[in-house]
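Single-structure report; data block below.
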Amino acid sequence: MRIGLVSDSHGNLGDLERAVSQMGRVEAIFHMGDYVDDALQIKHWTSVPVFAAKGNMDVYSQEGHLFIKTELGGKVILACHGHTLHVKNEYSTLRYKALEENADIVLFGHTHIPMIDQDDGLLMVNPGSVSLPHFGKEKTFGILTIENESVSGEIIPLMSEENRTL
Numbered sequence: 004m005r006i007g008l009v010s011d012s013h014g015n016l017g018d019l020e021r022a023v024s025q026m027g028r029v030e031a032i033f034h035m036g037d038y039v040d041d042a043l044q045i046k047h048w049t050s051v052p053v054f055a056a057k058g059n060m061d062v063y064s065q066e067g068h069l070f071i072k073t074e075l076g077g078k079v080i081l082a083c084h085g086h087t088l089h090v091k092n093e094y095s096t097l098r099y100k101a102l103e104e105n106a107d108i109v110l111f112g113h114t115h116i117p118m119i120d121q122d123d124g125l126l127m128v129n130p131g132s133v134s135l136p137h138f139g140k141e142k143t144f145g146i147l148t149i150e151n152e153s154v155s156g157e158i159i160p161l162m163s164e165e166n167r168t169l
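Under the numbering used here, the first residue of the sequence shown is numbered 4, with each subsequent residue one higher.
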């Protein structure tokens, strides 16, 4: 099972649409906030389920939830933006929340910095920012793969409009 991951699109629908297109065939897409309303556009571009978590810039949005817990491919996934768990400072609170929810996978954003960490049976994935990367990093999105009992994450650089093949 391939699952698309995006975060921190901040209203840049062009980059978001390019990321969704670049994902290829996926069975679901998670948007980890900022701007969660952008996830509504993903629903227009694809027919797969879209899960949307609220970020710190989404306080007035009627869309999404602070935390999303679901099961896909036999694995429990917890998704959030991460701002309420202080992920810009440390990951231990996020890890504790994931363990408290019996999650196999935790997806988050907020830092605008991609990361993948797997430890003690918990896979943590931040796909970075699809539109506003920090510290000179490139725009990125992610793919989560669930195969049998195995889970893995991949960070993928967003192709620029000029490099996109038609």
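Glycine is no exception: its CB is placed at the ideal position from the N, C-alpha and C atoms. Being a predicted model, the structure only gives us computed values, none of them experimental.
To which residues of the same chain is residue i closer than 6 angstroms at the C-beta, ignoring the five residues directly before and after it?
i	result
Gly7	Met26, Val29, Ile32
His34	Val9, Ala42, Ala55
Leu19	Ser12, Asp41, Val133
Val53	Ile32, Ala42, Ile45, Lys46
Leu169	In this prediction, Leu169 scores a pLDDT of 37, lower than 50, which makes its location untrustworthy; the coordinate-derived value is nonetheless stated afterwards. Cβ neighbours of Leu169 beyond the five flanking positions: none.
Glu104	Lys72, Leu81
Met118	Asn129
Pro136	His115, Lys142
Am I right that residue i and residue j are in contact with their C-beta atoms under 8 angstroms? What's the rounded C-beta distance?
i	j	result
Gly112	Gly85	6 angstroms
Leu81	Lys91	Actually they are not in contact, since the Cβ atoms of Leu81 and Lys91 sit about 18 angstroms apart, beyond 8 angstroms.
Val79	Ala106	5 angstroms
Ile116	Leu147	That pair is no contact at about 18 angstroms.
Asp170	Asn59	For the chain, the structure presents residues 4 to 169; residue 170 sits outside this window and is missing.
Phe138	Ile159	Not really, about 18 angstroms apart at Cβ, beyond 8 angstroms.
Leaving out the 5 sequence neighbours to the left and right, which residues in its chain are closer than 8 angstroms to residue i when beta-carbon positions are compared?
i	result
Tyr63	none
Tyr94	Asp120, Met127
Leu75	Met4, Ile6, Glu30, Ala31, Ile149
Gly124	Asp107
Going by the DSSP bridge assignment, what does residue i pair with across the sheet?
i	result
Lys72	Leu81
Gly131	None, per the DSSP bridge assignment.
Gln121	Leu126
Ser155	Thr148
Pro160	Thr143
For the beta strand (DSSP E) containing residue i, name the first residue and the last one.
i	result
Leu8	5–9
His34	31–34
Val23	Counting along the chain, Val23 falls outside any beta strand (DSSP E), though it belongs to the alpha helix (DSSP H) covering 16–26.
Phe54	53–55
Ile108	108–110
How far does the alpha helix (DSSP H) with residue i in it extend, from its first residue to its last?
i	result
Glu103	95–103
His89	Careful: His89 lies outside any alpha helix (DSSP H) and carries neither H nor E.
Ala42	41–48
I'd like the list of long-range same chain contacts for residue i, defined as Cβ closer than 7 angstroms, with 5 residues on each side in sequence excluded.
i	result
Ala87	Here the sequence assigns Thr to residue 87, which means Ala is not the residue at that position. For Thr87, where only same-chain residues beyond five positions count, the Cβ hits under 7 angstroms are Leu69.
Ser155	Thr148
Taking 9 angstroms as the threshold (beta carbon to beta carbon), is residue i in contact with chain C?
i	result
Phe138	Considering every chain present, this structure includes no chain C. It has just one protein chain.
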